[in-house]
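**Student:** There's a structure below that I have some questions on.
Numbering (the working numbering), first residue to last: 11 to 780.
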């Protein structure tokens, strides 16, 4: 079975720490937050009350890769069992400092009040109030549903943060259901803040802490098998359940359904780059969930000392199951699997490698398979002999690819790059050959045959479908139409906003080898009009493809249509509705690359657009964000029909993207995401790369190209990007087109905010006209 490469290489010892930030610099960062981020009144009140400044980011190691669970914060490796216990304590302390807030000691139960008890349908239902804490003023309501069993038989238990839980299914499977008032509907943890004023644990951690009292009560229940107690939670309750499992070793198993970030989905690997939840959106929309201190790390996730993989490490070696929907808007299957793979090292060290589980189900957020979760619990509790098999959606492993293909290079044939000579002898043909080799050997793609039943002469053009108004296609679980579902769901969190959405029409467009896209355009476009057209290339948006969530800025599609463009949008290979293409890709095409496939899709999209009656074939451009910005530059370099390109957060120069700098490293493309395997052959010899991004930009000359590089982007070096643009400008100057190469550097972190988007579209209007 293939497993993902473990991306967990944050080495604190190897990360150079600059001198500490001054109080003035920390105050300046706070001022930037107040100006650039949406106001959160609760957070602002906390900051003003405490006077707390952002942390000294320079004193914290920087890495966009997951922190190594088996390495101390000072870089020392974990070598012994005692080391691991010390590292575990360190991780918990870091969580309390930056994420959860501090926890009071677990109290003793002072009283158990029986509220009622009934027996019917082969089980006993018991409602109690468990009292605890200072003067017994704390209490939590608990409901047990206990199936009938033989005298003396002890039963496994599943705790749930609501009174009903999965009781109906659990009872018939021989489990005790233990629900407690620990969610938004019934929250007995709300009083804890006043009971324990010296501790600053936040809402979800308070509920997690309350689960310890439920466990104390279960110890008084004769039927409860305390060696087989699990806890379940979904979404925000899943975050709570994960924290509870990390706090109390009596929890033998965790079932965490679609926790999103703050649970088993890493902050570093999701966020705006992944088209989903981020620290900024979570702390803005739900400011009480976590410590207010967490908001300081908005856009600075690379400095956060902990992440989801370390939460799993705190649970080890006890069992933990991650469940999510394949198109779940708050999940990110690739990132969840990366956290799993990193924590797996801890489980293996502790001798229980079989205790970590993965379960993906069809559908969007809310998709859940309780019976399958109980199946997994049965295996963990020795109630079923069959072994659980983890089915990875993204099983990429660079070393296995290299061993299988036998790929190797003679590095001596690749001379080290000399920056002083760059641009003097620009060999466009040679660079294109190098880029083509790196993208891999594409299999032949036959031209698309004419339709079997061509339309009658004089027939009407394809009619537009105003998808912004309703539900089109099949948004069901088995074959979801992701964009149609997002549009139908509506709401500001998807950026599909009024009044812009009401002025947009669209129709389906199929191209390439079975790729389906949507062509959006102004609904009032007169017949016969040919519009300048943009291909929207999304980022690392695993669940939603070309859509996004928890972004209240106007979606780029609507913004571009509003500006008068037609926009072709489609899910890139391995994302959104095309997630099934990722796992088998290198089995089918071992010497090609997924990035090569993405570039081919752009070329096929241009083929189709050139023939479309709505499109000005001489004004087809690309507009890409993060991964899409990368793909767009490759496509523009290789296809002269592309009129222009906008690349937002699309790159940092690869030769300078070495591991010690704390960015994702050049191998983000080869080892981490499995997009460009041959690039990994240069790992450790980045200077020998035969081309870099300045060459891709230069190959597009003299066509207009805009590079947008936010100054606070954690995944790039703005100075290196600026230097690359300056080097590429030499090719533009030789063509007399220096003004056509633009660089914008917004004072922001790596996201596509409204101001950044508007500035890019303004540049397009000024530089991409016929």
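A virtual CB, placed ideally from N, CA and C, is assigned to each residue, including glycine.
On a predicted model such as this, the values are computed, not experimentally measured, just so you know.
Any idea if residue 455 is buried or exposed, counting beta-carbon neighbours within 10 angstroms, 16 or more meaning buried?
**Tutor:** Answer is exposed; the Cβ neighbour count stays below 16.
**Student:** May I ask which residues mark the beginning and end of the alpha helix (DSSP H) holding residue 133?
**Tutor:** Run containing residue 133: none in the alpha helix (DSSP H); it sits in the beta strand (DSSP E), 133-142.
**Student:** How would you call residue 637, buried or exposed, if buried means at least 16 neighbouring beta carbons within 10 angstroms?
**Tutor:** Buried is the call here.
**Student:** Closest to residue 444 by C-alpha separation, out of 396, 615 and 688, would be which residue?
**Tutor:** Measuring from the Cα of residue 444, the nearest candidate turns out to be 688.
**Student:** Counting C-beta neighbours from all protein chains within 10 Å, is the total for residue 378 16 or more, i.e. buried, or is it exposed?
**Tutor:** Looking at its Cβ environment, which holds 16 or more other Cβ atoms inside 10 Å, residue 378 is buried.
**Student:** Using DSSP's beta-bridge definition, name the partner residues of residue 206.
**Tutor:** BP columns for residue 206 are empty, so no partner.
**Student:** Between the stretch 568-585 and the stretch 643-660, can you find at least three pairs of beta-carbon atoms closer than 8 Å?
**Tutor:** Touching, no.
**Student:** Helix, strand or coil for residue 716 per DSSP?
**Tutor:** Looking at residue 716 - three-state DSSP - the assignment turns out to be strand.
**Student:** With three or more beta-carbon pairs closer than 8 Å as the criterion, would you say the stretch 147-158 touches the stretch 181-190?
**Tutor:** The stretch 147-158 is in contact with the stretch 181-190.
**Student:** Counting along the chain, where does the beta strand (DSSP E) carrying residue 631 start and finish?
**Tutor:** Start and end: 625-635.
**Student:** Report the start-end ranges of each beta strand (DSSP E) in the stretch 286-357 that is 3 residues or longer and not cut off at the edges.
**Tutor:** Counting whole runs of 3 or more residues, the stretch 286-357 contains the beta strand (DSSP E) stretches 329-335.
**Student:** Have a look at 397, 376, 522 and 458 and flag the residue whose alpha-carbon is nearest the alpha-carbon of residue 610.
**Tutor:** Among 397, 376, 522 and 458, the Cα nearest to that of residue 610 is on 522.
**Student:** Contact defined as beta carbons within less than 8 Å: I believe residue 226 pairs with residue 119. What is the distance between those atoms, to the nearest angstrom?
**Tutor:** Yes, they are in contact, since the Cβ atoms of residue 226 and residue 119 sit about 5 Å apart, within 8 Å.
**Student:** Using a 10 Å radius around the Cβ and a threshold of 16 neighbouring Cβ atoms, would you call residue 628 buried or exposed?
**Tutor:** Looking at its Cβ environment, which holds fewer than 16 other Cβ atoms inside 10 Å, residue 628 is exposed.
**Student:** What's the call for residue 293, buried or exposed, on a 16-neighbour Cβ count within 10 Å?
**Tutor:** Residue 293 is buried by the Cβ-count criterion.
**Student:** With 16 as the cutoff for other CB atoms within 10 Å, does residue 663 come out buried or exposed?
**Tutor:** Buried, by the Cβ-count rule.
**Student:** Pull up the distance between the alpha-carbon of residue 500 and that of residue 491, whole angstroms please.
**Tutor:** Near 14 Å, if we compare the C-alpha coordinates of residue 491 and residue 500.
**Student:** Out of 681, 751 and 113, which has the shortest C-alpha to C-alpha gap to residue 409?
**Tutor:** Of 681, 751 and 113, the residue nearest in Cα terms is 681.
**Student:** Per the DSSP calculation, residue 546 is bridged to which residue(s)?
**Tutor:** According to DSSP, residue 546 bridges with 579 and 633.
**Student:** Would you decide whether residue 447 is buried or exposed? Buried here means 16 or more other CB atoms lie within 10 Å of its CB.
**Tutor:** The residue is exposed, with fewer than 16 neighbouring Cβ atoms inside 10 Å.
**Student:** Quick check on residue 57: buried or exposed, where buried means 16 or more other Cβ atoms within 10 Å of its Cβ?
**Tutor:** Label assigned to residue 57: buried.
**Student:** What does the Cβ neighbour count give for residue 399, buried or exposed, with the cut at 16 atoms within 10 Å?
**Tutor:** Flag for residue 399 reads exposed.
**Student:** With DSSP run on the structure shown, which of helix, strand or coil describes residue 267?
**Tutor:** DSSP places residue 267 in strand when its eight states are reduced to three.
**Student:** To which residues does DSSP link residue 119 through a beta bridge?
**Tutor:** 142.
**Student:** Is residue 110 buried or exposed, if buried means 16 or more other CB atoms sit within 10 Å of its CB?
**Tutor:** It counts as buried.
**Student:** Mapping the DSSP letters down to three states, classify residue 44 as helix, strand or coil.
**Tutor:** Here residue 44 sits in helix by DSSP.
**Student:** I'd like to confirm the pairing. Which residues does DSSP put opposite residue 188 in its beta bridges?
**Tutor:** Residue 188 is bridged to 154 and 169.
**Student:** Which residues in the same chain have their Cβ closer than 6 Å to the Cβ of residue 284, if we skip the five residues on either side of it in sequence?
**Tutor:** The residues are 342 and 550.
**Student:** Cα-Cα, which of 640, 372 and 33 is closest to residue 606?
**Tutor:** The shortest Cα separation from residue 606 among 640, 372 and 33 belongs to 640.
**Student:** DSSP three-state label for residue 567, please.
**Tutor:** In the structure shown, residue 567 sits in a helix (DSSP, three-state: H, G or I).
**Student:** So what's residue 535 in DSSP terms, helix, strand or just coil?
**Tutor:** Note: residue 535 maps to coil in three-state DSSP.
**Student:** Going by alpha carbons, who is nearest to residue 430 out of 311, 736, 779 and 728?
**Tutor:** Of the listed residues, the one whose Cα sits closest to residue 430 is 736.
**Student:** Measure the C-alpha to C-alpha separation of residue 502 and residue 560 and round it to an integer number of angstroms.
**Tutor:** If I take the Cα positions, the gap works out to 8 Å.
**Student:** Against chain C, does residue 195 count as a neighbour if the rule is that its beta carbon must be under 8 Å from one of theirs?
**Tutor:** No chain C is part of this structure, which consists of one protein chain only.
**Student:** Between which residues of its own chain and residue 754 is the CB-CB distance below 8 Å, once the five residues before and five after are set aside?
**Tutor:** Only 716, 717, 718, 719, 766, 769, 770 and 773 meet the Cβ criterion.
**Student:** Is the beta carbon of residue 171 sitting closer than 8 Å to the one on residue 258?
**Tutor:** Not a contact, by the Cβ cut-off of 8 Å.
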